[in-house]
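What follows is a short report on a single structure.
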Amino acid sequence: MEKSTRRTEPLLWQGQDGFPEDGAEDGLSESFQLLQMDVECQHQEEEACPANNATWGSKNVQRKQRHWERIVSSKKSKRKEEKERRKVKRAEHPGTCPQHSKRFLKALTKERLLEAKHSGPRLCVDLSMTHHMSKKELSRLAGQIRRLYGSNKKASRPFWICLTGFSTDSPLYEECVRMNDGFSAYLLDVTEEDCFSLFPLETLVYLTPDSEHALEDIDPNTVYIIGGLVDESIQKKLTFQKARDYSVKTARLPIQEYMVRRQNEKNYHSEVLAINQVFDILSTYFETHSWPEALKKGVSPGKGYILRNAVE
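And the structure:
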């Protein structure tokens with residue numbers, strides 16, 4: 001090893017003439033110094049890296065905090081401006097009603113619905129024929145019941161709704177609970193009894209498109225019945241025949257009196273409406289006493305009818 005060391009050293013430090021090159025010792029010293037500096041710098045960078053990461057993370061958190069504070073400040077400023085605008089508007093129009101809370105509006109809606117139970121007109125949805133329907137049709141009917149109830153809640157003069165012939169262990173009830181949030185808390189009557197045994201027959205009017213008599217007005221003392229069926233399941237004169245079996249008066253919406261057929265590519269015209277569409281017509285007429293306005297709201301363009309005055 002000593003010989004090996006002695007042989008290698010001249011290779012490192014001797015020049016071409018066998019003598020050490022000028023500045024070889026200085027070169028060795030500089031190389032060690034550079035190597036030592038490089039190692040020290042790397043070590044310092046490794047030690048400084050966590051601190052830098054922490055500093056960067058701290059700055060990032062501060063930036064996000066400042067951004068969030070600006071958003072909160074902007075929202076507060078907008079709310080303040082909105083309050084000022086409302087204050088100015090109330091001063092300019094002292095007769096307008098102030099904005100009410102959701103809790104107050106909910107209580108007001110409940111009060112109107114309960115008042116309709118005692119003094120408003122009654123609307124029965126006859127659900128005793130649902131055994132004719134498929135699951136898809138039951139789902140559509142459940143959706144129509146939800147929309148009907150939603151329209152009644154918004155009405156200034158609501159009806160009291162009764163779902164008759166409706167069993168709580170029926171597939172339709174399960175579908176209503178599945179599709180309609182809070183269905184069990186709806187402010188309406190649900191009964192398994194048939195509408196013909198629930199009310200005096202002389203107070204009933206069954207609304208069916210097959211009737212010969214057009215509905216002229218809405219009487220608060222009359223109970224109006226809508227057949228709980230959907231388009232795919234409607235059989236010819238099914239509801240009309242049921243009303244005749246119980247000797248109950250029938251009526252149809254005055255579509256023929258206020259509307260005319262409109263030409264379309266499919267040549268399709270139908271007076272058969274979904275139960276929520278029928279209710280929208282009744283509810284609008286009860287508030288406005290205008291059949292054209294009521295029919296315009298409830299009869300969709302797809303039924304192939306338009307108002308007479310629209311043609312003229």
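Sequential numbering of the sequence shown, starting at 1, is according to our numbering. Beta carbons: idealized from backbone N, C-alpha and C, even for Gly.
Subject >> Residue ranges of each beta strand (DSSP E) within the segment 82 to 140, 3 or longer >> reply: 122 to 126
**OP:** Evaluate the contact criterion for the segment 209 to 216 versus the segment 106 to 125: three or more CB pairs, one atom per stretch, below 8 Å.
**Re:** no
Subject >> Extent of the continuous beta strand (DSSP E) run through R261 >> reply: M259 to R261
Original post:
Leaving out the 5 sequence neighbours to the left and right, which residues in its chain are closer than 6 Å to S270 when beta-carbon positions are compared?
Top reply: K303
**OP:** Could you give the DSSP three-state label for R79: helix, strand or coil?
**Re:** helix
Original post:
Would the beta-carbon of Y224 fall within 7 Å of that of V248?
Top reply: no
Original post:
Curious, which full-length alpha helix (DSSP H) runs of at least 4 residues does the segment 186 to 245 contain?
Top reply: 195 to 198 and 238 to 245
Original post:
Over what stretch of residues does the alpha helix (DSSP H) that includes T288 continue unbroken?
Top reply: I275 to T288
**OP:** Kindly give me the distance between the Cβ atoms of P121 and F166, rounded to whole angstroms, as I take these residues to be in contact under 8 Å.
**Re:** That pair is no contact at about 20 Å.
Original post:
Can at least three beta-carbon pairs, one atom from the segment 276 to 283 and one from the segment 149 to 159, be found at a separation below 8 Å?
Top reply: yes
Original post:
Whose C-beta lies closer than 7 Å to the C-beta of K296 among residues of the same chain, with five residues either side of it excluded?
Top reply: These residues qualify, in order along the chain: L307.
Original post:
Below 8 Å, can you find three or more Cβ-Cβ pairs linking the segment 136 to 146 to the segment 258 to 273?
Top reply: no
**OP:** Go to Y173, then tell me how far its alpha helix (DSSP H) extends in each direction, as first and last residue.
**Re:** P171 to M179
Original post:
Looking only at C-alpha atoms, which of V230, K59 and P171 sits nearest to A274?
Top reply: V230
Subject >> Span of the beta strand (DSSP E) around L253 >> reply: L253 -> no beta strand (DSSP E), and no H or E assigned at all.
Original post:
Do you know offhand how far Q256's Cα is from E137's?
Top reply: 28 Å
Original post:
With C-beta atoms as the reference, is L187 less than 7 Å away from L163?
Top reply: no
**OP:** Name, in chain order, the residues that DSSP records as bridge partners for I161.
**Re:** Paired residue(s): L123.
Subject >> Spatially closest choice to N221 from L123, T130 and K153, by CA coordinates >> reply: With distances taken between Cα atoms, N221 lies closest to L123.
Subject >> Extent of the continuous beta strand (DSSP E) to which Y268 belongs >> reply: Careful: Y268 lies outside any beta strand (DSSP E) and carries neither H nor E.
Subject >> Cα-Cα separation, L148 to K237 >> reply: 23 Å
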